[in-house]
Structures are given as C-alpha cells and as structure tokens.
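Chains as they are written, first to last, in our numbering: chain B, 89 to 247; chain X, 8 to 164.
Glycine residues also receive a C-beta, built at the ideal position from the N, C-alpha and C atoms.
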Amino acid sequence: MIVETLQWLQGTALAVSISERWFPFVESVHVITMAMVAGTIFIVDTRLMGLTSRSLAFTYLSQRLLPWTWWAFGCSVLTGTLLFIANATGYYDNAPFRWKMLLMLLAGVNMLYFQLVTFRGVATWDSGNPPLPARTAGISSILLWSGVIGLGRWIGFTT
Amino acid sequence: MSLRAFGRWLESTSLSHLIQTTHGAIADIQVVHILALATLFALALNLSLRIAGRGLTQEPTSSLARRFVPAIWICLAILLLTGTLLIVAEPGRAIFNRVFYTKMCLVLVAVAFTFWLSFLARRRERRPTRLHAALAGAYMLLWISVIVAGRLIAYSV
Numbered sequence: 089m090i091v092e093t094l095q096w097l098q099g100t101a102l103a104v105s106i107s108e109r110w111f112p113f114v115e116s117v118h119v120i121t122m123a124m125v126a127g128t129i130f131i132v133d134t135r136l137m138g139l140t141s142r143s144l145a146f147t148y149l150s151q152r153l154l155p156w157t158w159w160a161f162g163c164s165v166l167t168g169t170l171l172f173i174a175n176a177t178g179y180y181d182n183a184p185f186r187w188k189m190l191l192m193l194l195a196g197v198n199m200l201y202f203q204l205v206t207f208r209g210v211a212t213w214d215s216g217n218p219p220l221p222a223r224t225a226g227i228s229s230i231l232l233w234s235g236v237i238g239l240g241r242w243i244g245f246t247t
Numbered sequence: 008m009s010l011r012a013f014g015r016w017l018e019s020t021s022l023s024h025l026i027q028t029t030h031g032a033i034a035d036i037q038v039v040h041i042l043a044l045a046t047l048f049a050l051a052l053n054l055s056l057r058i059a060g061r062g063l064t065q066e067p068t069s070s071l072a073r074r075f076v077p078a079i080w081i082c083l084a085i086l087l088l089t090g091t092l093l094i095v096a097e098p099g100r101a102i103f104n105r106v107f108y109t110k111m112c113l114v115l116v117a118v119a120f121t122f123w124l125s126f127l128a129r130r131r132e133r134r135p136t137r138l139h140a141a142l143a144g145a146y147m148l149l150w151i152s153v154i155v156a157g158r159l160i161a162y163s164v
C-alpha cells in the first residue's frame, strides 16, 4: 500500500518535472534553508550551554533568532518534500533518509521537553549560567541537528 | 605543467589515495564542510542584520562583530581545509569545472566583504544607513550564491 502510494507520487507531473529538470535548484534552496535552520539553532544552543552570547538574555536571543529558524524550517520541509516525491520509492528504502527523519523527530521531542519542562524556570537563569538540564538540551540539540545535516549528505551517496 | 597534468599528479598523491580508498571519507569531509557553512551562514546573517540596524540590537554592533567575525574566520578556515581535501580527493570534479571557479570567485568577494563589514562594524556606533542595509543584503546574497554554486558543482562535472 505504502509502496503503491509512493510509486503514484513519483509518477505525478510535479514529481517528474522536479526529477527531470528542477532537482538541482530545489536542492540548492533546501541546502540554504537547512544551513539557516542548523546555524541559527547552533547559536541559540551554544547560549543555552552557557558558552556564547552570555551578555544577552537567553529569551531575548531566542526570540530574535528562532523566527528565522522556523521560517527556514518551513521552506526546508517544503523543498525536502519536493525532493522526496521526485524519487519517493528510492528515499523510502534509503537507510540514511530513515535515520534523518528519526533524528528530526528526536530533535523535536528534545525541543518540546525543553519548552514544556526546563524553560519554565528560565526566569532564574535567563541572564546567567543555564542549569544542567538546559545545557543538556543545548548539546543534545547540536548533536541531533548535526546528525540531521550529516545524514542528509549521506543520502546523496547512497541513493 | 598543464592543468590536466596537475590534476593527474594531485590524484596520484598518497593523500588523494587515502581519501579515495577510505570508506565514507568524502561524504564525511563534505558533512564537516556543510556544518561549517551552516554556522558561517547564521553568523553572517546576524552580522548583516545588526549592521542594517536589526536583529540583536541590544548588543552594540562593534561588540557583536568582535564576537562573530573571528567565528566567521574559523568557519572559513574549516571550509578551506575541507574544501582543499575534497579537491585533492577528486581533482577532476573541480579543476576542469567552470562552476567551481565561479564559486571560488564568489568566495573571494565574500571574504573581501567580510573584511569590509568587520571594519564597518567596529567603527564608532552610527545610525545604520540605506547603504549599510544594501551592503548587508549583498553580503547575504553572496553567501547564498556560494552555496548554490557549491551544490551545482555536482551537476556540472
């Protein structure tokens, strides 16, 4: 059922057009937006770890940077979906692609836990050194997003 | 020595052989290359926004530049090192490729821009002008072009 759906998807006019003509350009936009997602997250995460931007409050830094992250993430999901439908069955069977999706899910869980639990006490450390749970969320996020980028590159070597 | 002979010599070096024959080495070097580029891109974005009078406005432009510009140089050094390793591993992909030379020209202009913006940012605080905003926008467009050219190299071999 899944394979049939994917086969139908990659046979659509849009998928064929991307596959035959637009793939390099869509991929370029995907790389630019992923670079913006990961880069802005790294800046926020290193602040969360207490390593950089210590003169700025954590909430201020994240409020200024995260809108860029979310905007880029939206574009990245869109371009990623377009790339996926161009070779849906190939990516579905691809191990780095599956790992990439899993790491993105884990990065989302990490962010959600931070937002719902650790962030509640931000008033006590906003302008100072973040506590261990916040620093753990920061390093986990850096590792997970580095993994997402790395596996994204590996997809190109294994499809 | 002709370019073709230089490429053949580069490909025959032990370093080139080592990278070519180590499983996953080229992919892993590319991963480090992209991670450095992602970090540089976000740093450049923040520097540009601040020069244009937006972004992290609670911090003086000169202070932000003192923190971000050295980090940009570190990212550029990593990009240079990993980029060189990729050329050594697969000279044919780069040295006969027009898109590669386009990318290198764009990188040179971006480096010159980094020096200029760094100088501009460290001067006494002034109100950002339209020229500053235009320069900052051009700086980001340059890095976007570098990324696009980098990706298109693979399609023009």
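Against chain B, with Cβ distances strictly below 9 Å, would residue i count as a contact?
| i | result |
| --- | --- |
| X/I79 | no |
| X/T28 | no |
| X/S21 | no |
| X/L92 | no |
| X/L138 | no |
| X/I151 | yes |
| X/F107 | no |
| X/N53 | yes |
| X/F120 | no |
| X/R74 | yes |
| X/I58 | no |
| X/V155 | yes |
| X/A49 | yes |
| X/Y162 | yes |
| X/T46 | yes |
| X/A117 | no |
| X/G14 | no |
| X/R129 | no |
| X/E66 | yes |
From which residue to which residue does the alpha helix (DSSP H) around residue i run?
| i | result |
| --- | --- |
| X/F126 | 105 to 129 |
| B/V210 | 210 to 213 |
| X/T68 | 68 to 96 |
| B/W110 | Neither: B/W110 is in no alpha helix (DSSP H) and is coded neither H nor E. |
| X/Y146 | 137 to 160 |
| B/T93 | 90 to 99 |
Assuming residue i contacts residue j under a Cβ cut-off of 8 Å, what Cβ separation, rounded to an integer in Å, is found between them?
| i | j | result |
| --- | --- | --- |
| B/T247 | B/Y179 | 7 Å |
| X/G90 | X/H40 | 6 Å |
| X/V153 | X/A117 | 6 Å |
| B/W213 | B/P219 | 6 Å |
| B/T157 | B/I129 | 6 Å |
| B/L144 | X/L63 | 7 Å |
| X/Y129 | X/A72 | A quick correction: the sequence has Arg, not Tyr, at residue 129 of chain X. Contact holds; Cβ gap of about 5 Å. |
| X/A96 | X/I26 | 4 Å |
| X/N53 | X/F75 | 6 Å |
Residue i by DSSP, collapsed to three states: which one?
| i | result |
| --- | --- |
| X/H30 | coil |
| B/S234 | helix |
| X/M8 | coil |
| X/L63 | coil |
| B/G216 | coil |
| B/V205 | coil |
| X/R134 | coil |
| B/T247 | coil |
| X/T20 | coil |
| X/S55 | helix |
| X/V164 | coil |
List the residues of chain D that residue i touches, going by C-beta distances under 7 Å, in chain order.
| i | result |
| --- | --- |
| B/G238 | Given the protein chain composition of this structure (B and X), no chain D is represented. |
Using a beta-carbon distance below 9 Å, is residue i in contact with chain X?
| i | result |
| --- | --- |
| B/A123 | yes |
| B/I120 | yes |
| B/I227 | no |
| B/A126 | yes |
| B/L144 | yes |
| B/Y64 | As shown, chain B starts at 89 and ends at 247. That puts residue 64 of chain B outside it, with no answer to give. |
| B/M108 | The residue you asked about is not Met; residue 108 of chain B is Glu in the sequence shown. False, the Cβ-Cβ gap to chain X never drops below 9 Å. |
| B/L149 | yes |
| B/S116 | yes |
| B/W156 | yes |
| B/W213 | no |
| B/S164 | no |
| B/R186 | no |
| B/R241 | yes |
| B/F245 | yes |
| B/S141 | yes |
| B/S105 | no |
| B/L153 | yes |
| B/F172 | no |
- Item | Completely contained alpha helix (DSSP H) runs for the stretch 119 to 203 of chain B, where each covers 4 or more residues | 146 to 174, 176 to 180
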